[in-house]
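In what follows, a structure is listed as structure tokens, so that the remarks can point back to it.
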Amino acid sequence: MKKSLAHTTDPSEALWAFVRLVAGLMVAYCITAAPVAAQQPNALVDNNRCTLLKRSAPRAVVRVLDGATLLLDNGDRVRLAGILIPSIFDTSPPRKASDKPRVEAQLEADPWSPAVAAKDALNKFTLGRPVAIADAERHRDRYGRSVAHVFATAPDNTAVWLQAAMLTAGHARAYGTPDNFNCISAMQAAEETARLAGRGIWSNPAYAIRPAWQTRALLARRGTFQLVQGRVRNATRARGGQIYLNFGDNWRSDFTAKVAPAVSRSNPAWAASLLDLAGRDVRVRGWISRRNGPMIDVEHPSQITVLESGAEAPLPARDTQMDGKAKMPAHLSRQDGEADR
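Just so you know, our numbering puts the end of the sequence shown at 586, numbered straight through with nothing missing.
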């Protein structure tokens with residue numbers, strides 16, 4: 246008779262049992278969920294191809310280079326597609342390129358603990374275990390690494406999808422790129438499981454969801470990947486085809502999510518539904534930039550989640566006296582078609 250997780254005495258075996266349980270559910274979700282037409286903001290476009298991509302013959306892991314990169318016995322370096330592992334720059338992004346080597350040198354002596362935990366977890370999931378590689382749409386990144394979904398063989402010979410394992414344990418965030426959004430909805434579901442349970446990075450304030458009204462805090466984190474949540478004040482489509490979700494009264498200083506015309510054209514019904522989001526609570530994920538106020542560029546429907554009322558504890562309400570942000574002058578130059586907003 247199989248041992249239950251509660252009666253497992255070997256810590257590594259308990260870890261594998263937990264990961265098999267939840268990651269297996271994520272893979273099942275990815276296999277069985279039919280592609281959903283992009284008609285609602287929460288209808289994630291997902292090709293459900295994580296398990297359909299052709300896998301390689303089993304390879305051995307020689308070394309774990311970081312929490313998302315493996316060195317295989319054939320010399321290939323493999324980057325796990327669709328996840329973003331912790332970095333010290335998540336909390337203190339370098340303001341100029343010359344800052345980065347100095348910070349990296351400091352990390353040699355005092356590593357960022359969430360990054361260490363992610364690497365340790367990937368070690369436990371892979372070392373001594375055969376892995377199968379399923380190439381993502383974009384096979385190589387700019388560093389020459391293979392970009393792939395990776396499946397490790399657990400002690401009971403079942404295959405464990407490493408992306409789901411890392412996300413479920415709270416050691417990474419789901420992160421799609423324009424040419425690699427395979428199974429993003431399943432990965433976000435795994436991430437959500439960890440976040441709601443407060444596992445891993447989700448117990449660290451550095452990875453908290455940011456209120457959209459805290460614009461100074463968002464600008465301090467420009468160049469970092471964030472989850473930002475707030476109530477949409479208005480939604481507009483510019484003459485150039487861009488859609489803007491404005492989270493404040495003054496788009497020159499408040500947080501905005503910008504949907505590129507190409508994304509709207511690829512998902513017309515979904516894009517049209519965004520224009521009805523005024524007054525709705527919305528969560529946006531992506532990289533913070535500064536275009537007048539803080540902004541996230543939306544490159545895929547999965548970056549926008551419309552929240553149901555009462556589904557989660559609310560974020561801190563806006564305190565205008567504590568916020569203390571100055572409004573930008575109206576004559577500031579506008580970018581990327583913002584004059585049309």
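Ideal Cβ positions, reconstructed from N, Cα and C, are used throughout, including at glycine. As the structure is a computational prediction, the values presented were derived from the model and not from experiment.
Could you spell out where the beta strand (DSSP E) holding D526 opens and where it closes?
Position 281 of the sequence shown, counted from the start, is the residue given in the question as residue 526. Taken as a continuous stretch (DSSP letters only), the beta strand (DSSP E) holding D526 covers D526 to R536.
As assigned by DSSP and simplified to three states, the class of L552:
Counted from its first residue, the sequence shown places residue 552 at position 307. Coil at L552, not helix or strand.
Output needed for G421: all residues of its chain with C-beta closer than 7 angstroms, excluding positions within five of it in sequence on either side, in chain order.
In the sequence shown, counting from the first residue as 1, residue 421 sits at position 176. These residues qualify, in order along the chain: G327, I429, H545 and S547.
Alpha carbon to alpha carbon, what distance is there between N491 and W458?
One-based indexing of the sequence shown puts residue 458 at position 213. One-based indexing of the sequence shown puts residue 491 at position 246. Approximately 11 angstroms between the Cα atoms of the pair.
Where does Q433 sit, in a helix, a strand or coil, going by DSSP?
Within the sequence shown, residue 433 is the residue found at index 188, counting from 1. Reduced to three states, the DSSP call for Q433 is helix.
Roughly how far, in whole angstroms, is the beta-carbon of S498 from the beta-carbon of N537, given that I think they are within contact range, below 8 angstroms?
As a first step, residue 498 must be located in the sequence shown, where it is residue number 253. As a first step, residue 537 must be located in the sequence shown, where it is residue number 292. Confirmed, about 6 angstroms.
Output the boundary residues of the alpha helix (DSSP H) element that contains C516.
The residue given as residue 516 occupies position 271 in the sequence shown. Looking at the sequence itself, residue 516 is Ala, so the reference to Cys does not match. Segment P513 to L519, the alpha helix (DSSP H) holding A516.
Quick one: is V543 buried, meaning 16 or more other Cβ sit within 10 Å of its Cβ, or exposed?
Stepping through the sequence shown from its first residue, residue 543 is reached at position 298. Result: buried.
Backbone CA spacing between Q471 and N319 [nearest angstrom]
As a working mapping, residue 471 is identified with position 226 in the sequence shown. As a working mapping, residue 319 is identified with position 74 in the sequence shown. Answer to the nearest angstrom: the Cα atoms are 36 angstroms apart.
Select from T336, A399, H394 and V477 the residue whose C-alpha is nearest the C-alpha of S358.
Here residue 358 refers to the residue found at position 113 of the sequence shown. The shortest Cα separation from S358 among T336, A399, H394 and V477 belongs to T336.
Could you round the C-beta distance between I330 and A313 to whole angstroms and report it? I think they count as a contact, below 8 angstroms.
Taking the sequence shown and counting its residues from 1, the one referred to as residue 330 is at position 85. Taking the sequence shown and counting its residues from 1, the one referred to as residue 313 is at position 68. Going by Cβ atoms, the distance from I330 to A313 rounds to 5 angstroms, so yes, they are a contact pair.
Could you check what DSSP says for G468 in three-state terms: helix, strand or coil?
Taking the first residue of the sequence shown as 1, we reach residue 468 at position 223. In the structure shown, G468 falls within a coil segment according to DSSP collapsed to helix, strand and coil.
Minimum length 3: unbroken beta strand (DSSP E) runs contained in the stretch 454-502
470-476, 479-482 and 488-491
Confirm, please, whether the CB-CB distance from A439 to L412 is below 8 angstroms.
Here the question's residue 412 lines up with position 167 in the sequence shown. Here the question's residue 439 lines up with position 194 in the sequence shown. Contact flag set, yes.
Pick out whichever of A442, R535, P539 and L519 has its Cα sitting closest to the Cα of I549.
If you number the sequence shown from 1, residue 549 lands on position 304. Residue L519 is the option with its Cα nearest to I549.
Applying the criterion that 16 or more other CB atoms from any shown protein chain within 10 Å of the CB defines a buried residue, is A279 buried or exposed?
Position 34 of the sequence shown, counted from the first residue, corresponds to residue 279. Only weak support is given to the placement of A279: the predicted model assigns it a pLDDT of 32, under 50, and the value that follows is read from those uncertain coordinates. Counting Cβ neighbours within 10 Å, A279 comes out exposed, since fewer than 16 surround it.
Between the C-alpha atoms of Q408 and R385, what's the straight-line distance to the nearest angstrom?
Position 163 of the sequence shown, counted from the start, is the residue given in the question as residue 408. Position 140 of the sequence shown, counted from the start, is the residue given in the question as residue 385. Distance between the alpha carbons of Q408 and R385 is about 17 angstroms.
Alpha carbon to alpha carbon, how far is P286 from A514?
As a first step, residue 286 must be located in the sequence shown, where it is residue number 41. As a first step, residue 514 must be located in the sequence shown, where it is residue number 269. Legend: pLDDT at P286 = 42, less than 50; position of this residue unreliable, no value from coordinates given.
Paired residues, beta bridge with I541 - DSSP
Within the sequence shown, the letter at position 296 stands for residue 541. A502 and I533.
Taking only three categories from DSSP, how would you classify W447?
As a first step, residue 447 is located in the sequence shown; it is residue number 202 there, counting from the start. Here W447 sits in helix by DSSP.
Where does R294 sit, in a helix, a strand or coil, going by DSSP?
Translated into positions along the sequence shown, residue 294 becomes position 49. Residue confidence is low: R294 scores 44 on pLDDT, short of 50, so the model does not pin down where it sits. No coordinate-derived value is stated.
Rounded to whole angstroms, what's the CA-CA distance from L560 to A516? Just pull it up for me.
The residue given as residue 560 occupies position 315 in the sequence shown. The residue given as residue 516 occupies position 271 in the sequence shown. Distance between the alpha carbons of L560 and A516 is about 26 angstroms.
One question on the structure: do L552 and D526 come within less than 8 angstroms of each other, judged by their Cβ atoms?
To locate residue 552, count along the sequence shown from 1; it is residue 307. To locate residue 526, count along the sequence shown from 1; it is residue 281. Yes, the Cβ-Cβ distance between L552 and D526 is below 8 angstroms.
Could you tell me which of D494, T469 and N479 sits nearest to R530, measuring between CA atoms?
Taking the sequence shown and counting its residues from 1, the one referred to as residue 530 is at position 285. Out of D494, T469 and N479, T469 has the C-alpha closest to the C-alpha of R530.
For D321, does the three-state DSSP call read helix, strand or coil?
Position 76 of the sequence shown, counted from the start, is the residue given in the question as residue 321. Three-state result, D321: coil.
Closest residue to A465 among S534, A417 and Q474 (Cα-Cα distance)
Walking along the sequence shown from the start, residue 465 turns up at place 220. A465 has its Cα closest to that of S534, out of S534, A417 and Q474.
Of the residues D380, R418 and R374, which one's Cα is nearest the Cα of T398?
Residue numbering aside, residue 398 sits at position 153 when the sequence shown is read from its first letter. Of the listed residues, the one whose Cα sits closest to T398 is R374.
Are A502 and Q487 close, meaning C-beta to C-beta below 8 angstroms?
By 1-based counting over the sequence shown, the position of residue 502 is 257. By 1-based counting over the sequence shown, the position of residue 487 is 242. No, the Cβ-Cβ distance between A502 and Q487 is not below 8 angstroms.
Among the candidates L316, E437 and F426, whose CA atom is the shortest distance from the CA of I378?
Numbered from its first residue, the sequence shown carries residue 378 at position 133. The option with the nearest alpha carbon to I378 is L316.
Considering only the beta carbon of each residue, do R305 and A363 sit closer than 8 angstroms?
Your numbering for residue 305 matches position 60 in the sequence shown. Your numbering for residue 363 matches position 118 in the sequence shown. Reading off the sequence, residue 305 comes out as Ala, not Arg. Contact flag unset, no.
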